[in-house]
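**Student:** Before we start, here is the structure in question, set down as structure tokens.
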Amino acid sequence: MTLKKTSSLKGSLIVLNEDQQSFTTSQIELLIAINECGSITRAAKRVGISYKTAWDRIDALNNMSENPLIIRATGGAKGGGTKLTEFGQDIIQGFTELQDEHAAFVKRLGTRLHSMDDLAKFIRSTTLHTSARNQFRGPIIKITRGAVNTEIELSISDSATIVAHITNNSAKNMHFKKGSHAVALIKSSWIILSKDSELATSARNKLTGSISKIIKGGVNSEVSIDLGDGKTLCSVITNASVKELNLRKGDQACALFKASSVILMAD
């Protein structure tokens, strides 16, 4: 006799504030570990992820939040560390208070929901996957419509903006308007690096900052640039280019990429 498999309801808590910034349980667990350990290395070990994955999540959190959650503390007897901002502390406190109520709600809902398989299929079909390493969220501050394409300028911090070129039809279909929020996606391999901030180039986007880390691979290196205001941009270039440009942690660098290389998502 074959027993019919039954489905069970499990839920992950995702909190959206009035600006649609989201925080999930796994992200909060990392924030809590950082708060208690004061070290990315120890926090990553506690939550069971690699050091690189921890930094990737931290950079993603800061990039998608209008207020920085984590700051790097330098100097001191132990050489510095990492700590949460006041905003990060508030997020942890509020999220923790919601977890018990959320668990109770999911348990009650599970006793009432019968079409679990249909629900699971729907969720899988609508899940978005992207390989873009860089994701930035912010308000649209300027829209310029041309004969074929529309130029959209997105503010990602008080000092940095990103310009994207999309077709007029795409701009219309996605209902972009000044003041609405959008997410800009830029693949790390599309970003050119230079140490000359005055370099003449046709690239519409030029973001400057200091190199926060360089991770060398077999052929390519991953270079992260601290843009300030908690935002980080990642570029993947060849190891030969890193050597030729003499890129080192702490150096000032300029990230260049075309407006046509920016993918926009409606928020």
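Residues in the sequence shown are numbered from 876 upward in steps of one, following the numbering used here.
For glycine and all other residues, C-beta sits at the position ideal for the given N, C-alpha and C.
Skipping 5 residues on each side, what residues in its chain have a beta carbon closer than 8 Å to that of I1018?
**Tutor:** T1025, E1026, I1027, E1028, A1046, F1051, K1052 and K1053
**Student:** Since G956 contacts G913 with CB under 8 Å, what's their CB separation in whole angstroms?
**Tutor:** 5 Å
**Student:** Per DSSP, what are the beta-bridge partners of V1111 in this structure?
**Tutor:** E1097
**Student:** Roughly how many whole angstroms lie between the Cα atoms of L973 and T1083?
**Tutor:** 39 Å
**Student:** Going by other Cβ atoms of all chains shown within 10 Å of its Cβ, with 16 needed for buried, is T1107 buried or exposed?
**Tutor:** buried
**Student:** Would you say I967 and L906 are within 8 Å of each other, going by their C-beta atoms?
**Tutor:** yes
**Student:** Between which residues of its own chain and V1038 is the CB-CB distance below 8 Å, once the five residues before and five after are set aside?
**Tutor:** Result list for V1038: E1026, I1027, E1028, L1029, R1079, N1080, A1134 and V1137, in chain order.
**Student:** Taking Cβ positions, are N1114 and K1091 nearer each other than 8 Å?
**Tutor:** yes
**Student:** Specify the secondary structure class of E911 as computed by DSSP and reduced to three states.
**Tutor:** helix
**Student:** Out of curiosity, what's the CA-to-CA distance linking G1021 and N1044?
**Tutor:** 11 Å
**Student:** What residue does the alpha helix (DSSP H) around A1046 start on, and which one ends it?
**Tutor:** For A1046, the enclosing alpha helix (DSSP H) stretches over residues N1043 to N1048.
**Student:** What's the C-alpha gap between Q1127 and S1085?
**Tutor:** Going by the C-alpha atoms only, they are around 4 Å apart.
**Student:** Specify the secondary structure class of A929 as computed by DSSP and reduced to three states.
**Tutor:** helix
**Student:** Does the Cβ-Cβ distance between F970 and I903 come in under 8 Å?
**Tutor:** yes
**Student:** Can you tell me which of the three DSSP states I1138 falls into?
**Tutor:** strand
**Student:** Check the DSSP bridge columns for R947 and list the partner residues they point to.
**Tutor:** T957
**Student:** For the candidate residues K1118, A1075, S1110 and D934, whose alpha-carbon lies nearest to that of I1067?
**Tutor:** S1110
**Student:** Can you look up E1028 in the DSSP assignment and give me helix, strand or coil?
**Tutor:** strand
**Student:** Rounded to whole angstroms, what's the CA-CA distance from S1055 to P1014? Just pull it up for me.
**Tutor:** 5 Å
**Student:** Given a cut-off of 8 Å on the beta-carbon distance, is the pair I1061 and N1095 in contact?
**Tutor:** no
**Student:** If you drop the 5 nearest sequence neighbours on each side, which residues of the same chain put their C-beta closer than 6 Å to that of I915?
**Tutor:** A929 and T957
**Student:** Note down the Cα distance separating L1131 from E1073, rounded to an integer number of angstroms.
**Tutor:** So the two alpha carbons sit approximately 12 Å from each other.
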